[in-house]
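Q:
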Amino acid sequence: EQVVELLAADQGRLVPSNAQPHRAPAHAPAAARLAMAQAALAGRSDLVVDDLEIRRGGLSYTIDTLAAWQQAEPDAEIHLILGADVARSMPEWHRAEELLGLANFVVINRSGVERVDVAEAVALGFSPQRTRLLQVISPSINASEVRRRIGSGEPVSAMVDAAVLAIIERDHLYGGVAN
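Taking this note's numbering, the leading residue of the sequence shown gets 619, the next gets one more, and so forth.
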């Protein structure tokens with residue numbers, strides 16, 4: 619939300635992956651992650667869920683998603699938004715060098731994560747002309763902690779949107795009872 623405002627963008631898209639090639643398998647099936655994202659953004663026009671990677675199936679590669687967006691909307695100015703932690707893994711991405719040359723990036727420095735500065739961004743391959751570094755104010759909540767709490771039966775209702783929590787409970791996600 620803050621990033622869409624800071625960029626003065628028409629819209630932000632949240633893109634749940636189908637299967638991430640450079641991370642361990644997701645803790646919830648793609649359909650459940652899609653449903654949770656849709657529930658979290660219900661009623662919003664500035665942020666929408668794009669199910670392109672799930673519909674495409676197989677491994678989710680950002681370069682393929684970018685190509686599909688550029689083909690569908692050739693005049694759109696597209697910025698890929700990455701958290702600082704994810705930006706640090708860019709050298710491991712599929713066709714990273716090509717992606718870094720094609721895309722505009724916004725690297726988000728959020729609370730609780732070590733900041734990426736210009737020197738580090740350049741060392742990771744990000745072009746200073748095509749990359750913005752933004753600081754956002756964010757709660758110190760992360761998905762790993764939410765999953766851990768659910769798995770151990772601790773309350774998460776103050777950390778998770780009620781509609782998302784309902785999906786977690788309905789689908790018995792993350793190995794515990796959410797509350």
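By construction, the Cβ of each residue, glycine as well, lies at the ideal position given by its N, Cα and C atoms. Just so it is clear, the structure is predicted and the values come from calculations on it, not from any experiment.
Based on the DSSP output, what are the partners of G701 in its beta bridges?
A: G701 is bridged to I726.
Q: Please classify V782 as buried or exposed, where buried requires at least 16 neighbouring CB atoms within 10 angstroms.
A: Result: buried.
Q: Ignoring anything shorter than 4 residues or poking outside the stretch 649–684, list the alpha helix (DSSP H) runs there in chain order.
A: Listed in chain order, they are 670–674.
Q: Would you mind stating whether N722 and L751 have Cβ atoms separated by less than 8 Å?
A: Contact: no.
Q: Can you tell me whether E732 is buried or exposed, with buried defined as 16 or more other CB within 10 angstroms of its CB?
A: By the neighbour-count rule (16 or more Cβ atoms within 10 Å), E732 is not buried but exposed.
Q: Excluding the 5 residues preceding and the 5 following H712 in the sequence, name in chain order all residues of the same chain whose CB lies nearer than 7 Å to its CB.
A: These residues qualify, in order along the chain: P639, Y679, I681.
Q: In its own chain, which residues sit with a C-beta less than 7 Å from the C-beta of S707, not counting the 5 before and 5 after it?
A: Excluding residues within five positions, the ones whose Cβ falls inside 7 Å are H640.
Q: What number of angstroms, rounded off, separates the C-alpha of E787 from the C-alpha of S775?
A: Looking at the two C-alpha atoms, the distance is approximately 11 Å.
Q: Does DSSP put R750 in a helix, in a strand, or in coil?
A: Here R750 sits in strand by DSSP.
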